[in-house]
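Peer 1: Numbering (my numbering), first residue to last: 1 to 71.
Ideal placement from N, C-alpha and C gives every residue a C-beta, glycine not left out.
If you're wondering where the values come from, they're calculated on a predicted model, not measured in any experiment.
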Amino acid sequence: IFNMILFKLNEIMKKKNRRIILLIDNAPVYFILNKTREKLNSIEVKFLPPNTTPKLQSCDADIIHSFKYHY
């Protein structure tokens with residue numbers, strides 16, 4: 001589903017003659033994106049460095065901590 005959305009967004013940006021940067025964390029679920037991002041000519045995909053969630057995504061870090069505490 002994620003790749004389908006990316007390709008659709010890529011086509012929209014291509015028609016508008018625009019380029020965008022997409023910042024993504026390094027979750028294993030995005031592994032497949034490494035192979036498909038070469039086909040995205042209007043979207044530049046950049047992965048955040050490992051273990052930066054607490055620093056760059058503090059809201060996510062709080063949610064993860066709370067989830068681990070309760071379960």
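Return the Cβ separation of L22 and I43 in integer angstroms, given the expectation that the two are a contact with Cβ distance under 8 Å.
Peer 2: Their Cβ separation, rounded to whole angstroms, is 6 Å, which keeps L22 and I43 in contact under 8 Å.
Peer 1: Leaving out the 5 sequence neighbours to the left and right, which residues in its chain are closer than 6 Å to R37 when beta-carbon positions are compared?
Peer 2: Result list for R37: V45, in chain order.
Peer 1: Let me know the secondary structure DSSP gives L23 once reduced to three states.
Peer 2: Strand at L23.
Peer 1: Less than 9 Å between the C-beta atoms of L48 and D25, yes or no?
Peer 2: Contact: yes.
Peer 1: Which value, in whole angstroms, describes the spacing of the CA atoms of N10 and P28?
Peer 2: Going by the C-alpha atoms only, they are around 22 Å apart.
Peer 1: Mapping DSSP to helix, strand and coil, what is I1?
Peer 2: Residue state, collapsed to three classes: coil.
Peer 1: Relative to the alpha-carbon of L33, which residue among F2, S66, H70, Y69 has its alpha-carbon at the smallest distance?
Peer 2: The shortest C-alpha separation from L33 is found at F2.
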